[in-house]
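2 is the number of the first residue of the sequence shown in my numbering; add one for each residue after it.
Even for Gly, the Cβ is constructed at its ideal location relative to N, Cα and C.
Worksheet for the structure shown next.
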Amino acid sequence: MTGSSRHEKSCAAPGATTRHASSRLTRIAASLAVAALAASALNVSTAMAKNQWADYHWSLPANETQLVIEVNDCQEEPVPELNYWHPVDSFSGPNDDWDWEIGLAGGAITIMNGSCPANIGAFSDPIGAANSGAFDTRAAEFVDTPTVNSFNGSFGNSGWVGLAIVALPSNDSHIFYGETYLNDYYPANSTTYNQPLRMRKVQCQEIGHTFGLDHVKKDTSCMYSSRAFIGSVYTPSPHDGDVVNSITHDDGAPPPTPEEDGGGDGGGPCAKNPNHWKCQAQGPVFRGKATWAERYDSQDEMFEAADVVVSATVLNGSMFDRVVGAPGRGLPVSQAVLQIREVFKGKANGVVRIEHTRGLGLEIEDDPGYVNGDDYLLFLRQLGAKTYRVVNPQGRIAQ
Ligand SMILES: [Zn+2]
Ligand SMILES: [Zn+2]
């Protein structure tokens, strides 16, 4: 860090932009070091041998042993040059892989043809109640049948290429409904994703999340991921199948490991289970995990990739579900308004509006809402006038 001040005086000289940027990067690096220390201090939670996502798991209703995966082809106009995508193949491969590893007699998964909701896809109108209430409506519709709806469609430049959503009662860890999304925008616009095995891996991982699985730390399974696509194994591992079997239990039956169980057994009538969301005033909550479209190995790469790098203070956060929607996205989009404090790259002044997939009960876990008064260092990609999204969650650093 010493020495950077010597260059600051030459900012007005030809070619100074580079030096200016690098000295600012040095200051950014100082903020990042502090942020990294804080993060590592927080990251001391007990390592779970199981790659379970929080303590989420299914409690299957009586007489049900399988998850039903409904395949919904929401690509209204298939992109001809899309290599990965076929409405049957792209879903049946990962589902067969999971069926094999879970190893339930008669199969763990039934695949059915679903129908695409009118509000999903490029011609949707995601702004307003029709879209925002869609999770609730679908979750309620499928509450008696353990169902995962798989959607693929062009959801726009959202930052995520795949998304898994589980529905839980508001105070309980029993999954009763799930959704997966494959965003055709990325394979249609990026050679990185226009590859069958990569999209198969993304799909495999999203389905794994809906079983209640988190990421693994080694490249032994499609569940291997950091904050973006990495890894070469595109199928689940036997370990993944074992974890699914160990955490899933029948409604009313004692769970295999009660001490790790997050709450009562959901799905029954209210007398038996007053905590079920259907028996309460508040509706379900939706937790999401995303496979991010962009990844960066260093802050320098992130700096290069960003249109704008700023530090900013949240004026009007998204914690209270400021759902704005956006054309081409079939999921709720929330917006936070931040006051810029300092610009490190690009042209920006005044306020920035930051959009992310979120709203009305849906929270993507590594891209949570913004809280009023909080300060961030932000690596941003421009979506429109004064409107941005972070390049990926790594590009949002609390200060
Ligand atoms: Zn349970
Ligand atoms: Zn994931």
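Inset, instruction - With DSSP as the reference, label L61 as helix, strand or coil. - result: Under the three-state reduction of DSSP output, L61 falls in the strand class.
Inset, instruction - Report the three-state DSSP secondary structure of Y186 (helix, strand or coil). - result: Looking at Y186 - three-state DSSP - the assignment turns out to be helix.
Inset, instruction - Reducing DSSP to helix, strand and coil, say where S222 ends up. - result: DSSP places S222 in coil when its eight states are reduced to three.
Legend entry - Status (buried if at least 16 other CB within 10 Å, exposed otherwise) for D368: D368 comes out buried.
Inset, instruction - Classify R359 as helix, strand or coil using the three-state DSSP reduction. - result: In the three-state reduction of the DSSP assignment, R359 falls in the coil class.
Inset, instruction - Tell me whether S226 counts as near ligand 2, meaning its Cβ is closer than 6 Å to at least one heavy atom of that ligand. - result: Proximity of the beta carbon of S226 to ligand 2 is indicated: a heavy atom of the ligand is located closer than 6 Å.
Inset, instruction - Kindly identify the DSSP beta-bridge partner or partners of K290. - result: Beta-bridge pairing by DSSP links K290 to A165.
Inset, instruction - Could you name the residues of the same chain whose beta carbon sits closer than 7 Å to that of Y235, not counting the 5 residues immediately before and after it, in chain order? - result: Excluding residues up to 5 positions away in sequence, L198, R201, K202, C205 and C223 lie with their Cβ nearer than 7 Å to the Cβ of Y235 in the same chain.
Legend entry - CB contact below 7 Å: C205 versus chain B: The question asks about chain B, but that chain is absent: this structure has only one protein chain.
Inset, instruction - Assign G129 to one of two classes, buried (16 or more other C-beta atoms within 10 Å of its C-beta) or exposed (fewer than that). - result: Residue confidence for G129 is low, a pLDDT of 39 falling below 50, so the modelled location carries little weight; the figure read from the coordinates is stated next. Exposed.
Legend entry - Minimum C-alpha distance to D185 - residue among L164, A168, Y178 and P170: If you compare the alpha carbons of L164, A168, Y178 and P170 with that of D185, the shortest gap goes to L164.
Inset, instruction - Look at A319 and G370 and say whether their C-beta atoms are less than 7 Å apart. - result: According to the sequence displayed, residue 319 carries Ser and not Ala. In contact: S319 and G370 (Cβ atoms closer than 7 Å).
Inset, instruction - For Q53, collect the residues of the same chain with a Cβ closer than 7 Å to its Cβ; drop the 5 residues on either side in sequence, then sort them by chain order. - result: Excluding sequence positions up to five before and after Q53, its CB lies within less than 7 Å of the CB of G213, L214, D215, V244 and I248, all in the same chain and listed in chain order.
Legend entry - Opposing strand residues paired with L214 [DSSP bridges]: According to DSSP, which records beta bridges pairwise, L214 is partnered with Q53.
Inset, instruction - Assign D252 to one of two classes, buried (16 or more other C-beta atoms within 10 Å of its C-beta) or exposed (fewer than that). - result: Classification for D252: buried.
Inset, instruction - Write down the C-beta distance between T388 and E356 rounded to the nearest angstrom, noting that I regard them as a contact closer than 8 Å. - result: Confirmed, Cβ separation roughly 6 Å.
Inset, instruction - Return yes when at least one heavy atom of ligand 1 lies under 6 Å from the C-beta of S171, else no. - result: For ligand 1, not one heavy atom lies less than 6 Å from the Cβ of S171.
Legend entry - Residue nearest to N195 in terms of C-alpha spacing, selected from L105, A63 and L83: Of the listed residues, the one whose Cα sits closest to N195 is L83.
Legend entry - Close-in-space but distant-in-sequence residues of the same chain around I110 (CB under 7 Å, 5 per side omitted): Excluding positions up to five away in sequence, the list reads Q67, L68, I70, N96, W99 and D100.
Legend entry - Chain-order list of residues whose beta-carbon lies under 8 Å from that of V391 (same chain, five-residue window excluded): These residues qualify, in order along the chain: G160, I355, H357, D368, L379, F380, L381, R382 and R397.
Legend entry - E295 versus N64 - alpha carbon distance: C-alpha separation (whole angstroms): 42 Å.
Legend entry - Exposed unless 16 or more other CB atoms sit within 10 angstroms - verdict on P239: Exposed: under 16 other Cβ atoms inside 10 Å.
Inset, instruction - Answer yes or no: the CB of Q206 versus the heavy atoms of ligand 2, is any distance below 6 Å? - result: Because some heavy atom of ligand 2 lies under 6 Å away, the Cβ of Q206 counts as near it: yes.
Legend entry - Straight-line Cα distance separating G289 from F152: Distance between the alpha carbons of F152 and G289: 14 Å.
Legend entry - Beta-bridge pairing of D376 - partner residues as DSSP gives them: For D376, DSSP records a beta bridge to T314.
Inset, instruction - With a threshold of 6 Å, establish whether the CB of T292 neighbours any heavy atom of ligand 2. - result: Yes, the beta carbon of T292 sits closer than 6 Å to at least one heavy atom of ligand 2.
Inset, instruction - Give every residue of the same chain whose Cβ lies closer than 6 Å to the Cβ of D376, excluding the five residues on either side of it in the sequence, and list them in chain order. - result: The residues are T314 and Q400.
Legend entry - Run of the alpha helix (DSSP H) containing N150, from where it starts to where it stops: Boundaries for N150: no alpha helix (DSSP H) harbours it, while the beta strand (DSSP E) harbouring it runs T148 to G154, taken from the DSSP string.
Inset, instruction - Please confirm whether any heavy atom of ligand 1 lies closer than 6 Å to the CB of S222. - result: No.
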